[in-house]
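Data first, discussion second: the structure below is written as structure tokens.
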Ligand SMILES: C[S@@+](CC[C@H](N)C(=O)[O-])C[C@H]1O[C@@H](n2cnc3c(N)ncnc32)[C@H](O)[C@@H]1O
């Protein structure tokens, strides 16, 4: 069983900057806000918090947060943004640099957010289930879990099966002129087990002409809604809502996303 030992975001801080340039969507925040509008503040844990795309706006609305992420570069960028926030908000945020599968998670949370397709970061269904179990342990009884992924049931989708398929990934030009180019190539698939290995290639061209090139192999298991529901139920959750998009439409077979709102019993 392979594990994703090298973090593709942690190659250079410019990648975190391009992440923020590229991932500007916030419709998931709208759905989370609706789901947590009944009381304030919530004590929230966000594993895979990255540069704080979800954490920072919700902390500004009064919720307290612990964010966990493995990439120093992503956390440093998050911390720089947090340092600009009002002192009271800063006091309510703690960031932990760790591999989520190799650390003790803090406890007593009202909500765990596994947002933004973060299950793609884990190599197998077993790792994804371990993450759900850790979230269950971190929650107070009656606490909630928000899990938000692309929707793929049945066999590995055709687009994932094509060996040699290359897609452009995080790319752009940073404020200091550094050029980042990334691509992802499917190099191996196991269709029945719904596994794909992706070679991520990153090239940075710095303003002084220096070049940094890195390759990172990552295994992905695009988790199905059926698998998430099974893992949640095995960890003692009751699925209260299943949405098919960030506007809060109910999930159907044709939905593009599978978004779970589940309560720890
Ligand atoms: C796609 S980003 C998502 C960031 C954020 N959740 C969002 O929605 O914008 C995935 C993040 O997961 C982190 N990551 C990947 N594997 C990890 C692991 N095993 N433990 C902790 N963080 C991990 C990466 O460093 C990266 O910051």
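Numbering (the working numbering), first residue to last: 1 to 265.
Beta carbons: idealized from backbone N, C-alpha and C, even for Gly.
Everything numeric in this text was worked out from a predicted model, so none of it was measured.
Around residue 241, the same chain offers 261 as residues with beta carbons nearer than 6 angstroms, after the five sequence neighbours per side are excluded.
Spatial neighbours of residue 23 in its own chain (CB-CB distance under 7 angstroms, excluding positions within 5 residues in sequence) are listed in chain order as 53. In this structure, residue 95 lies near residue 79, with their beta-carbon atoms less than 8 angstroms apart.
With at least 16 other beta carbons inside 10 angstroms of its own, residue 50 counts as buried. Where residue 229 is concerned, the enclosing alpha helix (DSSP H) starts and stops at 225-234. If you ignore the 5 residues before and after residue 163, its C-beta comes within less than 8 angstroms of the C-beta of 186, 187, 188, 189, all in its own chain and listed in chain order. Around the beta-carbon of residue 265, fewer than 16 other beta-carbon atoms lie within 10 Å, marking it exposed. Checking the DSSP bridge columns, you'll see residue 241 partnered with 261. Cα atoms of residue 177 and residue 81: separation of roughly 21 angstroms, rounded to the nearest angstrom. Taking the Cα positions, residue 130 is about 19 angstroms away from residue 6. For the options 161, 77, 66, 9, the alpha carbon positioned closest to that of residue 110 is the one of 66. Per the coordinates, the alpha-carbon of residue 139 lies some 11 angstroms from the alpha-carbon of residue 237.
Per the DSSP secondary-structure output, residue 196 pairs in a beta bridge with 189, 220. Annotation for residue 145 indicates a beta carbon at 7 angstroms or more from all heavy atoms of ligand 1. The beta carbon of residue 25 sits no closer than 7 angstroms to any heavy atom of ligand 1.
In the DSSP annotation of this structure, the continuous segment of the alpha helix (DSSP H) that includes residue 30 starts and ends at 27-35.
Proximity of the stretch 150-170 to the stretch 84-100 falls short of the contact definition, fewer than three beta-carbon pairs being nearer than 8 angstroms. If the five residues before and after residue 263 are omitted, its C-beta is found closer than 7 angstroms to the C-beta atoms of 142, 144, 237, 238, 240, all from its own chain and listed in chain order. Set against 7 angstroms, the gap from the CB of residue 101 to the closest heavy atom of ligand 1 is smaller.
Straight through space, the alpha carbons of residue 228 and residue 35 are spaced by roughly 19 angstroms. Spanning the alpha carbons of residue 147 and residue 113 requires a straight line of approximately 6 angstroms. Around the beta carbon of residue 26, fewer than 16 other beta carbons lie within 10 angstroms, which makes this residue exposed. Distance check between residue 217 and each of 37, 182, 246, 191 places 182 closest, using alpha-carbon atoms only. If you ignore the 5 residues before and after residue 68, its C-beta comes within less than 6 angstroms of the C-beta of 47, 96, 98, 100, all in its own chain and listed in chain order.
Under DSSP, the beta-bridge partners assigned to residue 64 are 43. Just so you know, the alpha carbons of residue 73 and residue 222 end up roughly 25 angstroms apart.
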